[in-house]
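Residue numbers (this note's numbering), protein chains in the order written: chain A, 2 to 217; chain B, 49 to 319.
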């Protein structure tokens with residue numbers, strides 16, 4: 002895992018060097034911001050100061066947001082390639098779990114805040130941003146609607162060869178959304194350890210199982 | 049206290065209405081119900097109790113020096129409170145810092161009354177002098193009710209804090225990669241049914257930065273901007289911003305400058 006990461010970062014370093022032509026004023030403000038971050042936070046509960054550390058993808062996407070212009074194509078592709086390498090396919094080759102368990106994960110936004118403890122079961126935060134099943138009317142809109150996710154993509158049997166591509170893409174998207182969209186706002190649920198492999202299987206079932214209310 | 053009970057039972061009534069409306073598509077009935085409830089509370093906003101307590105504390109001789117805060121300079125001269133809030137945070141020469149209303153009040157509690165600012169900052173929200181500070185903040189802010197935000201950006205310190213705040217606003221981090229901008233960077237965004245102001249620009253009168261301090265119905269607490277930011281960072285899975293830290297001030301400058309022209313409706317009322 003660690004090795005994959007090290008190699009994955011290499012192409013990014015080159016890109017970063019190339020992008021280092023920001024105005025001196027911008028650099029000064031970057032330094033001022035770094036100093037403010039360093040002096041302003043304190044650990045609390047289960048959350049340590051490590052949470053402030055940015056990986057390259059976050060650093061680049063944050064800087065692009067500050068600049069108000071999207072990353073260039075080369076940087077975008079480099080991030081996506083590096084993130085794609087972090088995706089771990091299911092160890093037993095099974096992509097789908099239980100949609101009912103998936104619904105519970107999608108409903109929960111808990112876990113990993115300083116008011117949670119280490120025993121808190123992490124949620125997927127899915128309904129915070131997405132419509133998913135039709136029964137739940139309290140959903141956010143920062144992400145696209147996922148109602149009928151499998152149905153509209155023609156998935157009638159998730160185990161069939163015809164469904165393979167969409168099943169694998171969906172797994173990858175849940176594991177690390179930024180493998181497909183460099184600066185996506187969606188958390189990297191598998192890559193960052195928010196959800197386990199089994200959790201992701203259950204959310205997969207919620208989205209792709211023809212028996213799931215999502216596809217009714 | 050009696051008043052609080054009345055508000056709670058009103059809340060139950062509305063909650064029942066919400067339940068009944070839950071079957072409608074996309075919960076318009078629920079949203080209407082919340083709006084109606086907020087309107088109801090505007091007639092007797094519990095925040096007024098905090099404002100009254102704050103006024104008393106402002107005028108009362110307190111602290112080791114047994115003095116009131118009436119000579120506190122909030123940026124418009126000693127004792128001037130009207131219009132002060134809508135120009136904060138701003139740079140203060142005497143402290144050499146950009147300060148928001150809360151940190152500036154702590155400076156006055158130190159210099160005029162002899163309190164130890166560090167102790168106040170470390171006191172948990174809702175307790176002791178921190179609770180008093182929120183009441184005073186509510187009182188001073190309410191003196192600018194109906195006025196429009198117009199933060200100064202004349203000094204290098206203020207300009208730098210705006211730029212630092214902008215960088216903090218877009219800073220992705222933690223296990224979820226959340227930044228302030230994850231929720232507050234687009235128009236018309238919602239988490240579940242909660243509307244989210246776009247804080248990268250003026251989101252409108254009484255919205256976003258212009259809606260705090262506010263009374264929060266869900267937990268019956270009066271929240272200042274410091275408290276609001278603290279809870280945002282909790283949900284972002286970031287470590288805790290120290291009370292009055294430069295990160296919180298910089299974000300205040302960023303949101304406040306972006307809100308130029310927005311009317312302050314303080315004390316606001318929130319779900």
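Glycine included, each C-beta is placed from N, C-alpha and C at the ideal position. Being a predicted model, the structure only gives us computed values, none of them experimental.
Rounded straight-line distance, which links the Cα of residue j to that of residue i
| i | j | result |
| --- | --- | --- |
| residue 319(B) | residue 153(B) | 27 angstroms |
| residue 19(A) | residue 67(A) | Residue placement at residue 19(A) is flagged as unreliable, the pLDDT there being 43, under the threshold of 50; a coordinate-derived value is accordingly withheld. |
| residue 70(B) | residue 238(B) | Confidence at residue 70(B) is low in this model, with a pLDDT of 37, below 50, so its placement is unreliable and the value that follows should be read with caution. Cα to Cα, residue 70(B) sits roughly 17 angstroms from residue 238(B). |
| residue 176(A) | residue 224(B) | 12 angstroms |
| residue 49(A) | residue 116(A) | 13 angstroms |
| residue 115(B) | residue 163(B) | 11 angstroms |
| residue 246(B) | residue 230(B) | 10 angstroms |
| residue 281(B) | residue 214(B) | 15 angstroms |
| residue 196(A) | residue 150(A) | 20 angstroms |
| residue 314(B) | residue 169(A) | 51 angstroms |
| residue 124(A) | residue 138(A) | 18 angstroms |
| residue 182(B) | residue 266(B) | 18 angstroms |
| residue 159(B) | residue 175(B) | 22 angstroms |
| residue 15(A) | residue 71(A) | Low confidence applies here, because residue 15(A) scores a pLDDT of 43, under 50, leaving its location unreliable; read the following figure in that light. So the two alpha carbons sit approximately 18 angstroms from each other. |
| residue 171(B) | residue 178(B) | 6 angstroms |
| residue 73(B) | residue 213(A) | Note that residue 73(B) has pLDDT 43, beneath the 50 cutoff, so the model's placement of it is unreliable and no number is given. |
| residue 155(B) | residue 165(B) | 7 angstroms |
| residue 217(A) | residue 83(A) | 36 angstroms |
| residue 242(B) | residue 108(A) | 15 angstroms |
| residue 184(B) | residue 134(A) | 46 angstroms |
| residue 105(A) | residue 126(A) | 10 angstroms |
| residue 131(B) | residue 277(B) | 23 angstroms |
| residue 107(B) | residue 117(B) | 6 angstroms |
| residue 111(B) | residue 40(A) | 29 angstroms |
| residue 208(A) | residue 136(A) | 14 angstroms |
| residue 113(B) | residue 119(B) | 13 angstroms |
| residue 190(B) | residue 227(B) | 30 angstroms |
| residue 248(B) | residue 186(B) | 25 angstroms |
| residue 46(A) | residue 164(A) | 44 angstroms |
| residue 94(A) | residue 198(A) | 11 angstroms |
| residue 307(B) | residue 258(B) | 7 angstroms |
| residue 320(B) | residue 305(B) | A question about residue 320(B) goes unanswered here, because the residues of chain B that appear run from 49 up to 319. |
| residue 289(B) | residue 152(A) | 45 angstroms |
Residues bridged to residue i [DSSP beta-bridge criterion]
| i | result |
| --- | --- |
| residue 48(A) | 45(A) |
| residue 241(B) | Answer is none; residue 241(B) lacks a bridge partner. |
| residue 221(B) | 226(B) |
| residue 121(B) | 126(B) |
| residue 169(A) | Paired residue(s): none; residue 169(A) is not in a bridge. |
| residue 317(B) | 263(B) |
| residue 196(B) | 311(B) |
| residue 110(B) | 115(B) |
Interface flag, residue i vs chain C, CB-CB below 9 angstroms
| i | result |
| --- | --- |
| residue 298(B) | Reference to chain C is not applicable here, since the protein chains of this structure are A and B. |
Whole beta strand (DSSP E) elements within the segment 246-299 of chain B, 3-residue minimum
DSSP runs (the beta strand (DSSP E)) wholly in the segment 246-299 of chain B: 262-264, 269-271.
Relative to chain B, which residues along the segment 192-204 of chain A have a C-beta separation below 9 angstroms, given in chain order?
Cβ contacts with chain B come from 193, 194, 195.
To test your reading of the DSSP string, which unbroken beta strand (DSSP E) runs of 3 or more residues are found completely within the segment 138-193 of chain B?
Given a length threshold of 3 residues, each whole run of the beta strand (DSSP E) inside the segment 138-193 of chain B is given here in chain order: 138-140, 145-147.
Cβ contact check for the segment 233-247 of chain B and the segment 51-63 of chain A: 3 or more pairs under 8 angstroms
no
Taking Cβ-Cβ distances below 8 angstroms as the criterion, which residues of the segment 161-187 of chain B are in contact with chain A?
none
How about the segment 295-315 of chain B and the segment 129-148 of chain B: do they share at least three Cβ pairs that are nearer than 8 angstroms?
Taking 8 angstroms as the limit for Cβ pairs, the verdict is that the segment 129-148 of chain B does touch the segment 295-315 of chain B.
Positions along the segment 224-244 of chain B whose CB lies within less than 9 angstroms of some CB in chain A:
224, 225, 226, 227, 229, 230, 231, 233, 234, 236, 237, 238, 239, 240, 241, 242, 244
Does the segment 195-213 of chain B come close enough to the segment 127-147 of chain B that 3 or more CB-CB pairs lie under 8 angstroms?
Taking 8 angstroms as the limit for Cβ pairs, the verdict is that the segment 195-213 of chain B does touch the segment 127-147 of chain B.
Just checking, does the segment 186-204 of chain A make contact with the segment 91-107 of chain A on the three C-beta pairs under 8 angstroms criterion?
Output reads yes: the segment 91-107 of chain A touches the segment 186-204 of chain A.
Three or more C-beta pairs under 8 angstroms: does that hold for the segment 32-52 of chain A against the segment 133-147 of chain A?
These segments do not touch.
Members of the segment 269-296 of chain B near chain A, C-beta cut-off 9 angstroms
281, 282, 283, 284, 285, 286, 287, 288, 289, 290, 293, 294, 295, 296
Which residues, in chain order, does the segment 204-217 of chain B contribute to contact with chain A at a C-beta distance below 8 angstroms?
If the cut-off is 8 angstroms between Cβ atoms, the segment 204-217 of chain B has 208, 211, 212, 214, 215, 216 near chain A.
Residues from the segment 60-88 of chain A in contact with chain B, defined by Cβ distance under 7 angstroms
62, 63, 66, 67
Should the segment 150-166 of chain A be regarded as contacting the segment 241-261 of chain B, the criterion being three or more beta carbon pairs within less than 8 angstroms?
With contact defined as three or more Cβ pairs closer than 8 angstroms, the segment 150-166 of chain A and the segment 241-261 of chain B are not in contact.
Chain A contacts from the segment 131-156 of chain B (Cβ-Cβ distance under 9 angstroms):
none
Assess, as a yes-or-no matter, whether the segment 179-194 of chain A is touched by the segment 69-82 of chain A under the definition of 3 or more beta carbon pairs within less than 8 angstroms.
yes
Scan the segment 32-56 of chain A for residues whose Cβ lies nearer than 8 angstroms to a Cβ of chain B and list them as they occur along the chain.
33, 34, 37, 38, 40, 41, 42, 43, 44, 45, 48, 49, 50, 52, 53, 54, 55
Contact set between the segment 110-124 of chain A and chain B, restricted to residues whose Cβ is under 7 angstroms from the partner
113, 114, 115, 116
Compile a chain-ordered list of the residues in the segment 131-157 of chain A whose CB is closer than 8 angstroms to at least one CB of chain B.
138, 139, 140, 141, 142, 143
Can you list, in chain order, the stretches of the alpha helix (DSSP H) that have 4 or more residues and sit fully within the segment 123-156 of chain A?
127-130, 150-153
Taking a cut of 7 angstroms between CB atoms, which residues from the segment 172-191 of chain A lie near chain B?
186, 188, 189
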